[in-house]
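Reviewing the structure listed below.
Residue numbers (my numbering), protein chains in the order written: chain W, 1 to 246; chain V, 1 to 246.
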């Protein structure tokens with residue numbers, strides 16, 4: 001079954017306020033052949049309304065794994081895609097769900113892919129967006145662009161389901177998982193502080209921009225190894241240069 | 001504005017049981033630029049939950065026209081499209097929402113088109129299907145094909161919105177041109193030689209790998225500027241370290 005590919009998709013809901021929405025999302029997922037639901041900091045109670053709205057998908061609701069931070073939730077995913085509610089001018093390189101789905105299906109053979117949805121009021125916070133390799137935004141009317149959370153999930157799940165039917169067998173590059181990529185960013189940040197490219201005060205904004213640059217690259221394991229090798233070479237050269245004077 | 005085309009679409013809900021679903025449908029419609037909602041034999045009460053779920057689309061809910069039969073509701077429509085919940089083998093010639101949307105948009109200039117949704121439990125009755133020119137069925141998983149009514153409307157409305165050409169093209173990032181990218185690779189290669197990451201003899205293979213890493217990133221102008229800024233900072237730091245001994 002081609003649909004097994006979709007087993008490597010995780011839907012991640014961050015800081016959802018209304019339990020009913022989590023139930024509705026479970027149903028949408030099952031309608032579209034998705035199974036793995038991860039919840040970050042969800043409401044304590046999965047109330048009767050959530051269970052009612054899950055309808056035949058209560059199994060997805062019951063098995064949903066709970067995390068306290070998005071960083072933990074995405075750790076074993078090779079690709080993390082955030083949903084942005086407003087395609088703001090400052091946010092470049094936002095794709096549509098359809099473009100995303102077509103690009104993601106070939107990657108699923110060897111990688112877990114997370115699609116992340118923020119809360120009902122504000123969407124994703126900047127600190128969560130920073131953890132995403134790329135962003136998508138659902139096309140909608142300027143007059144009232146704000147979709148209900150479960151409807152947003154439905155559109156994304158539907159596009160993935162449609163795209164999975166046409167999937168060519170995966171041509172598999174093996175993406176680095178989010179934990180390895182975070183280690184790279186940490187290493188990069190340290191090195192950039194050492195060489196004076198980053199100010200201690202104002203480093204977050206530049207790191208955000210660098211995450212956008214490298215996020216788009218969909219780093220694979222070998223790419224991460226090469227880039228970290230460069231950082232290590234820079235550090236060695238600089239500490240060597242400082243030892244020489246002695 | 002293209003959106004006027006979508007004004008010729010009517011969403012018709014037949015025999016809906018739950019007022020809340022009518023509210024949710026109103027919101028979906030407004031999200032996707034649709035405005036005309038017709039209700040056949042709806043529940044007497046549009047309750048508080050319906051109004052709450054309509055969110056910013058209460059105007060659509062309030063203006064919804066009510067009919068006692070589908071025959072009356074579709075009377076002034078040139079094309080009537082029914083939604084079938086199960087693409088049963090006996091029902092031939094059922095299209096997908098995407099195929100339907102592409103076929104319907106060119107017709108909208110001079111015709112009203114109705115999309116008809118049955119009730120939550122049974123979908124459309126045969127006598128209603130008989131009034132439809134054609135049928136569509138939403139692709140969904142065999143394991144649990146039954147969509148919530150508002151989610152079914154959302155998918156159809158979304159496909160119409162996309163097909164209408166209203167969706168803004170996905171936000172264009174301005175890619176760096178090949179000359180700028182080549183300048184970056186040259187700068188990178190020089191720096192990597194200086195720090196001893198590259199051997200003079202065997203540099204081409206590593207540069208090829210690095211081109212793969214950064215090539216996937218589809219570098220934009222700002223990204224190139226940042227990366228070259230880092231290279232310059234590395235060079236400055238190293239030459240600083242080497243000048244100190246003097």
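Quick reminder that beta carbons are idealized off the backbone N, C-alpha and C, glycines included.
Does the distance from the CB of residue i to the CB of residue j come in under 8 angstroms?
i                      : j                      : result
residue 230 of chain W : residue 237 of chain V : no
residue 135 of chain V : residue 104 of chain V : no
residue 26 of chain V  : residue 114 of chain V : no
residue 39 of chain W  : residue 70 of chain W  : no
residue 156 of chain V : residue 97 of chain V  : yes
residue 123 of chain W : residue 85 of chain W  : yes
residue 22 of chain W  : residue 50 of chain W  : yes
residue 24 of chain W  : residue 140 of chain W : no
residue 153 of chain V : residue 219 of chain W : no
residue 160 of chain W : residue 6 of chain W   : yes
residue 16 of chain W  : residue 119 of chain W : yes
residue 209 of chain W : residue 60 of chain V  : no
residue 64 of chain V  : residue 30 of chain V  : no
residue 185 of chain V : residue 211 of chain V : yes
residue 216 of chain W : residue 217 of chain V : yes
residue 41 of chain W  : residue 68 of chain W  : yes
residue 131 of chain W : residue 138 of chain W : no
residue 177 of chain W : residue 76 of chain W  : yes
residue 187 of chain V : residue 222 of chain V : no
residue 165 of chain W : residue 128 of chain W : no
residue 224 of chain V : residue 180 of chain V : yes
Whose Cβ in chain W lies nearer than 7 angstroms to the Cβ of residue i?
i                      : result
residue 184 of chain V : Residues of chain W passing the Cβ test: none, with the nearest at roughly 11 angstroms.
residue 233 of chain V : 195, 196, 197
residue 223 of chain V : 213
Would you give the residue range spanned by the beta strand (DSSP E) that residue i belongs to?
i                     : result
residue 82 of chain V : 79–83
residue 36 of chain W : 36–40
residue 64 of chain V : Here residue 64 of chain V belongs to no beta strand (DSSP E), and DSSP marks it neither H nor E.
Can you give me the start and stop residues for the alpha helix (DSSP H) that residue i sits inside?
i                      : result
residue 193 of chain W : 178–194
residue 214 of chain W : 203–216
residue 54 of chain W  : 48–54
residue 57 of chain W  : Neither: residue 57 of chain W is in no alpha helix (DSSP H) and is coded neither H nor E.
residue 102 of chain V : 97–104
residue 13 of chain V  : Residue 13 of chain V -> not in any alpha helix (DSSP H); beta strand (DSSP E) instead, spanning 9–14.
residue 113 of chain W : Run containing residue 113 of chain W: none in the alpha helix (DSSP H); it sits in the beta strand (DSSP E), 113–117.
residue 25 of chain V  : 19–31
residue 44 of chain W  : Unbroken run through residue 44 of chain W: none, as it is neither H nor E.
residue 73 of chain W  : 70–74
residue 128 of chain V : 126–129
Under 8 angstroms between beta-carbons, which chain V residues line up against residue i? List them in chain order, please.
i                      : result
residue 56 of chain W  : 144, 146
residue 13 of chain W  : Simply none; closest approach about 16 angstroms.
residue 37 of chain W  : Those within 8 angstroms of residue 37 of chain W in chain V number zero; the least Cβ separation is about 14 angstroms.
residue 175 of chain W : Per Cβ cutoff of 8 angstroms: no residues; residue 175 of chain W is ~10 angstroms from chain V at best.
residue 5 of chain W   : Neighbours of residue 5 of chain W on chain V: none; closest Cβ ~13 angstroms, over 8 angstroms.
So which residues on chain V does residue i lean against when the C-beta distance must stay under 7 angstroms?
i                      : result
residue 132 of chain W : Going along chain V, no residue has its Cβ under 7 angstroms from residue 132 of chain W, so there is no contact; the nearest lies around 15 angstroms.
residue 226 of chain W : 209, 210, 213
residue 124 of chain W : Those do not exist, as residue 124 of chain W stays about 17 angstroms from chain V at its closest Cβ, beyond 7 angstroms.
residue 79 of chain W  : The premise fails here: residue 79 of chain W is roughly 12 angstroms from chain V at the closest Cβ pair, so nothing lies under 7 angstroms.
Anything in chain W within Cβ reach of residue i, meaning under 8 angstroms, just list it in chain order.
i                      : result
residue 23 of chain V  : The contacting residues do not exist; residue 23 of chain V stays about 10 angstroms from chain W at best.
residue 229 of chain V : 197
residue 180 of chain V : None at all; the shortest Cβ gap to chain W is about 14 angstroms.
For residue i, which residues in chain V fall below 9 angstroms Cβ to Cβ?
i                      : result
residue 27 of chain W  : 144, 146, 147, 148, 151
residue 108 of chain W : Simply none; closest approach about 16 angstroms.
Who are the neighbours of residue i on chain W, taking C-beta pairs under 9 angstroms?
i                      : result
residue 192 of chain V : 230, 233
request  = Give the residues from the segment 148–161 of chain V that approach chain W closer than 8 angstroms (Cβ to any Cβ), ordered along the chain.
outcome  = 148, 150, 151, 154, 155, 158, 161
ask   = What residues in the segment 200–217 of chain V have a beta carbon less than 7 angstroms from any beta carbon of chain W?
value = 209, 210, 213, 214, 216, 217
request  = For the segment 62–73 of chain W, enumerate the residues whose C-beta is nearer than 8 angstroms to any C-beta of chain V, in chain order.
outcome  = none
request  = Mind listing, in chain order, the continuous alpha helix (DSSP H) runs of no fewer than 4 residues lying wholly within the segment 131–166 of chain W?
outcome  = 149–165
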